[in-house]
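Residue numbers (UniProt numbering): 1 to 344. Virtual Cβ for every residue (Gly too), placed ideally from N, Cα, C. Notes follow the structure.
Next up, the structure:
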């Protein structure tokens, strides 16, 4: 039984000219000049900079993009809830690290960069793979399991099971980008549990020494694999970890804040590496986070308050997503197990 994930239809992205961070009063999204229904919205909390000027809180978006954010995050949430149930039913084997609750990070990041850029992440990779617009067939016919999705020709370098080990690999990809004069960047994602790894600091040193187009993204839920950050780190302000490398803290629960990170790409192309801190929940009780900080609910409220769609239309999207996920699960259950041989 080959259980896996389903991708969602892609939206086109238009690049905008490079702009210095300090000159931005309104963060313009890549499609800003090509649309008529621009909305100016403040991010939920201000950006915080370390050795770099933080950008404006005012972000430009459109009704089309907000609807796309909502659809994508609802799909990811539904898929991860389904994966959780299937894992508990022993229909998904091995490890199964879920991404629900932090969908704003990967959806916002995908909206801010292009397919020519590269991304590499840790073992919590399901939704990041989905965000990169991979078709269903690519997700359901492989042997790497939950932690090792990979598709080099689209710039997705994995899914890695060893904590922190993907960061040096990502810096290596950014070295190749600079060597080949590609004008692209690499996003290397890791969690707060990996933030104290020695290999991360070694990679950061090389990236800074050679001015590589690397963006190190710390997806911080404050608890690693269950250990509170204050028990493992003298300073949990991970975006400030590199004295000689600028850092930027964004709200990982706000998709619009993450989607504004075209500015991080601009910095990396001109000046070398940058550390990005994206905390995606607080230390409040989980129930409080769900009520007040859920990234999907924030976008739902924005859509309703700007009268972009009705409550019924949003519920219809959720209904269609449930149907899509249920059909994917049914197909997976009907499919044969893959050939156990690794090589032909």
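For residue i, I'd like the list of residues in its chain whose CB is within less than 7 Å of its CB, leaving aside the five on either flank, ordered along the chain.
i           : result
residue 204 : 216, 242, 245 and 273
residue 318 : 74
Considering only residues of the same chain and omitting the five flanking positions on each side of residue i, which have a CB-CB separation below 6 Å?
i           : result
residue 224 : 192 and 193
residue 87  : 96
residue 339 : none
residue 149 : 125, 129 and 159
residue 184 : 116, 117 and 177
residue 214 : 171, 174, 186, 207 and 273
residue 121 : 128 and 189
residue 100 : 77 and 80
In terms of residues, what are the limits of the alpha helix (DSSP H) holding residue i?
i           : result
residue 348 : With the chain running from 1 to 344 in the structure shown, residue 348 is simply not present.
residue 226 : Neither: residue 226 is in no alpha helix (DSSP H) and is coded neither H nor E.
residue 328 : 311-334
residue 221 : Looking at the DSSP string, residue 221 is not in any alpha helix (DSSP H), and its letter there is neither H nor E.
residue 307 : Looking at the DSSP string, residue 307 is not in any alpha helix (DSSP H), and its letter there is neither H nor E.
residue 128 : 126-131
residue 159 : That residue, residue 159, is in no alpha helix (DSSP H); it is neither H nor E in DSSP.
residue 68  : 63-88
residue 266 : 262-271
Since residue i and residue j should fall inside the 8 Å C-beta cutoff, what is the C-beta to C-beta distance between them, to a whole number of angstroms?
i           : j           : result
residue 247 : residue 275 : 4 Å
residue 259 : residue 218 : Incorrect: roughly 18 Å between the Cβ atoms, too far for contact.
residue 296 : residue 67  : With 8 Å as the limit, residue 296 and residue 67 do not qualify as a contact, their Cβ atoms being about 13 Å apart.
Exposed or buried, what is residue i when buried is set at 16 or more other beta-carbons lying within 10 Å of its beta-carbon?
i           : result
residue 231 : exposed
residue 336 : exposed
residue 93  : exposed
residue 72  : buried
residue 270 : exposed
residue 333 : exposed
residue 320 : exposed
residue 303 : buried
residue 186 : buried
residue 158 : buried
residue 42  : exposed
residue 327 : exposed
residue 209 : exposed
residue 228 : exposed
residue 180 : exposed
residue 144 : exposed
residue 249 : buried
residue 202 : exposed
residue 162 : exposed
residue 226 : exposed
Does the beta carbon of residue i sit closer than 8 Å to a beta carbon anywhere in chain D?
i          : result
residue 81 : Annotation note: the requested chain D is absent from the structure, which comprises a single protein chain.
Using only alpha-carbon positions, find the residue among the options that is nearest to residue i.
i           : options               : result
residue 262 : 173, 226, 110 and 123 : 110
residue 129 : 156, 118 and 103      : 156
residue 40  : 316, 256, 190 and 280 : 256
residue 51  : 182, 127 and 240      : 240
residue 280 : 108, 38, 64 and 37    : 108
residue 45  : 296, 57 and 82        : 57
residue 212 : 164, 116, 66 and 173  : 173
residue 175 : 117, 153, 228 and 144 : 117
residue 330 : 59, 77, 102 and 83    : 83
How would you write the range of the beta strand (DSSP E) that residue i sits in, first residue to last?
i           : result
residue 187 : 186-191
residue 118 : 118-120
residue 182 : From DSSP, residue 182 is part of no beta strand (DSSP E); its letter is neither H nor E.
residue 256 : Per DSSP, residue 256 belongs to no beta strand (DSSP E); it is in the alpha helix (DSSP H), 255-259.
residue 42  : 39-42
residue 278 : 274-279
residue 247 : 247-249
Whose C-beta lies closer than 8 Å to the C-beta of residue i among residues of the same chain, with five residues either side of it excluded?
i           : result
residue 300 : 70 and 314
residue 312 : none
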